[in-house]
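Below you'll find the structure, written out as structure tokens, and then a few comments.
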Amino acid sequence: MGEDSGSRSSGTARELRKLKQQAMEYYQENGVPRRLEELLNSTFYLQPADVYGHLANCFSKLAKPPTICRIVGKSILDGLGLPTLQVEIFCTVQNFPKSICSVVVPTHFEVHENALPELAEAEEAERNQAVSTAVQWVNRSLTEELQGVEPSSQVDVDHTLRTFFANKVQEEKEKKELEKNLENSTVSIPAPVIPPPPPAPPTKKKPQKQGRKETLTEKPIIPAEPAEPVFYGSMAIGAVSLAVAKTSAILGNRPLYLNIASLKHGQEEPALLTMPLLMVALISCGKSSPGKLNLMKEGVEMLLEIQKHVNRTADTPLPPKAETKKGHNGNKKGQQPITGKMTHLGCLTVNCDTIEQPLLLLQGICASLELELGTDLHLAINCAGHELMDYSRGKYEVAMGTYKNAAEMVDLYVDLISKYPAIIALIDPFRKEDSEQWDSIYNALGSRCYIIAGTASKSISKLLECGDISIPRSNGRIIKHTDQTTMSDLVEITNLIDSKKHITVLGSPDGEATDDSLVDLAVGLSVRFIKLGGPSRGEWVMKYNRLLTIEEELVQNGTLGPNEEHVFFYVNEEAEKALEAAAGELLEPVEPIFPTEVVEEP
Numbered sequence: 002m003g004e005d006s007g008s009r010s011s012g013t014a015r016e017l018r019k020l021k022q023q024a025m026e027y028y029q030e031n032g033v034p035r036r037l038e039e040l041l042n043s044t045f046y047l048q049p050a051d052v053y054g055h056l057a058n059c060f061s062k063l064a065k066p067p068t069i070c071r072i073v074g075k076s077i078l079d080g081l082g083l084p085t086l087q088v089e090i091f092c093t094v095q096n097f098p099k100s101i102c103s104v105v106v107p108t109h110f111e112v113h114e115n116a117l118p119e120l121a122e123a124e125e126a127e128r129n130q131a132v133s134t135a136v137q138w139v140n141r142s143l144t145e146e147l148q149g150v151e152p153s154s155q156v157d158v159d160h161t162l163r164t165f166f167a168n169k170v171q172e173e174k175e176k177k178e179l180e181k182n183l184e185n186s187t188v189s190i191p192a193p194v195i196p197p198p199p200p201a202p203p204t205k206k207k208p209q210k211q212g213r214k215e216t217l218t219e220k221p222i223i224p225a226e227p228a229e230p231v232f233y234g235s236m237a238i239g240a241v242s243l244a245v246a247k248t249s250a251i252l253g254n255r256p257l258y259l260n261i262a263s264l265k266h267g268q269e270e271p272a273l274l275t276m277p278l279l280m281v282a283l284i285s286c287g288k289s290s291p292g293k294l295n296l297m298k299e300g301v302e303m304l305l306e307i308q309k310h311v312n313r314t315a316d317t318p319l320p321p322k323a324e325t326k327k328g329h330n331g332n333k334k335g336q337q338p339i340t341g342k343m344t345h346l347g348c349l350t351v352n353c354d355t356i357e358q359p360l361l362l363l364q365g366i367c368a369s370l371e372l373e374l375g376t377d378l379h380l381a382i383n384c385a386g387h388e389l390m391d392y393s394r395g396k397y398e399v400a401m402g403t404y405k406n407a408a409e410m411v412d413l414y415v416d417l418i419s420k421y422p423a424i425i426a427l428i429d430p431f432r433k434e435d436s437e438q439w440d441s442i443y444n445a446l447g448s449r450c451y452i453i454a455g456t457a458s459k460s461i462s463k464l465l466e467c468g469d470i471s472i473p474r475s476n477g478r479i480i481k482h483t484d485q486t487t488m489s490d491l492v493e494i495t496n497l498i499d500s501k502k503h504i505t506v507l508g509s510p511d512g513e514a515t516d517d518s519l520v521d522l523a524v525g526l527s528v529r530f531i532k533l534g535g536p537s538r539g540e541w542v543m544k545y546n547r548l549l550t551i552e553e554e555l556v557q558n559g560t561l562g563p564n565e566e567h568v569f570f571y572v573n574e575e576a577e578k579a580l581e582a583a584a585g586e587l588l589e590p591v592e593p594i595f596p597t598e599v600v601e602e603p
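Each residue of the sequence shown is one higher than the last, beginning at 2 in this note's numbering.
Next comes the structure, spelled out in structure tokens:
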């Protein structure tokens, strides 16, 4: 019995020695003894008041970087009570899962004020399907794809997201081709051939009544191109990319805009950052308003006090109509006041019958506030050309019953800019299909204001695919973070726009969500303008507050850079081609043509 107890004790001793040896090797491999000795020595010399707090801080620096362990997607309501996507990132931090942040992204669907019930129901079904598909992607596939990845590896994350989305698109394409082949392979019984009926005897053409003239038809317009298809679930890609960028910023204890700026400048923080200029929706005079005017959907870069002044004038009549050319006014009595109806963009709807009424209204408000148009603030007009086209007539309906062809529209814009030089931007003056008209207005006004393509522009993915932003002809683009657009895509497209001397406007989708990340993106990407709704709804006000916060931070850190003056970079393509053809004969570089110089035809 004594021998048995001795053998058991010797076996236990061997196991203990073996465990000690394994522990020593484990700690040696991880450098624990050396680091502990250094840490204890430094702690003794520092003698902090909170010893264990100091040790905890030191150990946290030695911990492995956090990695993504889970991504959760859910459907929530946006600022208009419509379903949208929320993404939450969980990371393994010091061996424990921890929720780091969540983001909410809006859908790509436009908000229609007076949509027909059947169209509204169809769009609601599409929206629900898009959001539910995105939630499934996030909770099933994307959380597996990105598990164990460090949030700081934004480029790698975006590459994974792009590959995943490309595979989904390919799967859907193969599925449709298979279904099409199955339909074609089904043998159908041919229907009996019925001989055509004999032709009817010719009838005598009735003589045309005296005084009646044949209808003269103008050059047929190009039919509207079909909208770019949006893949259901694609918003999951952009949402996860943004959520990972925000997670990396929080874990790195720095703001999101610095993370985006580092991504744009090759992982180096720029010495100075500029604040984007505000392009604020102030007045809505589109087809949803009760007045006759269709053209004016005002976007105004302004001071916030103007919005308050507009609200105070809700019960007062609009300024009198200006005496202008035919088609610019109606000369009718009984002018209607501002309706006071607040749109989803946070601006008031105004009853306007002429193009100049909103401008006169703003002039009066600025005069009462002692603000000078063209100095203290400028104007931008969201023309929404795609909404003005009357396809039955082949003309733009600028006001109720007033139609203008493309050439007349160019003249209208030129007259408007000449009379109101405070207007520095025209957004979507024509449909995207009217490329000739874009060329005409660019040649006429490109040196006097920004010609900006918004709805008329291709999606970011299409622009990056072709690498060409020359169609339609413009000197500015509105980009939006929607669908499958990743942070890397935003960096690439802004670099492309900057390389062409165009300006970038970061816009917000119609159904905006209660998330202020858009402002950080605008600052980090160094865009020229950020296009927001009026400061009258919670989802917009929080973005204004974020703008003020970032500006204060930049001022305190001494990293706020100055904004450049408005320079309308006009390029004459014919002159540019002639210069390229003679490039081999030039001995000196050709200086760019500035807006103040006269452009001569080659």
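Built from N, CA and C at the ideal position, the CB exists for glycine as well.
As the structure is a prediction and not an experimental result, all values here were calculated from the model.
Rounded to the nearest whole angstrom, the C-alpha separation of L86 and R15 is 59 Å. Between L257 and the set C102, I470 and E127, the nearest pair of CA atoms involves C102.
The stretch 73-93 makes contact with the stretch 232-246: 3 or more CB pairs, one atom from each, lie closer than 8 Å.
For F91, the enclosing beta strand (DSSP E) covers residues P84 to V94. A Cβ-Cβ contact shorter than 8 Å links V415 with L446. When E566, F60, D499 and A57 are compared, the shortest CA-CA separation from C450 is found for E566. Residue burial is scored here from C-beta neighbours: T505 has at least 16 other C-beta atoms within 10 angstroms and is therefore classed as buried.
Taking R538 as reference, the option from K19, S11, L81 and I461 with the minimal CA-CA separation is L81. Sequence-distant Cβ neighbours of I472 in its own chain, meaning closer than 7 Å and more than five residues away, are S436. Setting aside the 5 residues that flank it on each side, V94 is surrounded in the same chain by P67, each with a C-beta closer than 6 Å to its C-beta; the list follows chain order. Every unbroken stretch of the alpha helix (DSSP H) spanning 4 or more residues and falling wholly within the stretch 356-430 is given here in chain order: 358-369, 386-389 and 407-420. The beta-bridge partner set that DSSP reports for G347 is empty. Its Cα nearest to that of K481, the residue E111 stands out among C367, G234 and E111. Taking C-beta atoms under 8 Å as the contact rule, I77 and V139 fail to qualify, at a distance of about 13 Å.
Burial is judged here by how many other beta carbons sit within 10 angstroms of a residue's own beta carbon; Q557 has fewer than 16 and is exposed.
In the DSSP annotation of this structure, the continuous segment of the alpha helix (DSSP H) that includes C59 starts and ends at V52 to L63.
Annotation for A126: no residue places its beta carbon closer than 7 Å to its own, counting only its chain and skipping 5 residues before and after. Counting only runs of 4 or more residues that sit fully inside the stretch 511-538, the alpha helix (DSSP H) segments are 518-526, in chain order. Taking C-alpha positions only, M25 is separated from R36 by approximately 14 Å. In the structure shown, K176 falls within a helical segment according to DSSP collapsed to helix, strand and coil. Taking C-alpha positions only, A454 is separated from L147 by approximately 35 Å. For R478, the enclosing beta strand (DSSP E) begins and ends at G477 to K481.
With contacts defined by Cβ atoms closer than 8 Å, L363 and L380 form a contacting pair. Remark: C-beta atoms of I551 and V528 do not approach each other more closely than 8 Å.
Per the C-alpha coordinates, the member of L273, I223, G534 and L561 positioned closest to D391 is I223. In the DSSP assignment, R36 is bridged to no other residue. Using a 10 angstroms sphere on the CB of H109, the tally of other CB atoms reaches 16 or more, which defines it as buried.
Looking only at A135, E145 and L274, the smallest Cα-Cα distance to M236 is reached by A135.
Boundaries of the beta strand (DSSP E) harbouring C70: T68 to L78, taken from the DSSP string. By the neighbour-count criterion, in which a residue is buried when 16 or more other Cβ atoms sit within 10 angstroms of its Cβ, L279 is buried. Contact check for P227 against G395 fails: the beta carbons are separated by 8 Å or more. Leaving aside the five residues that flank D440 on each side, the residues in its chain whose CB is nearer than 7 Å to its CB run, in chain order, R474.
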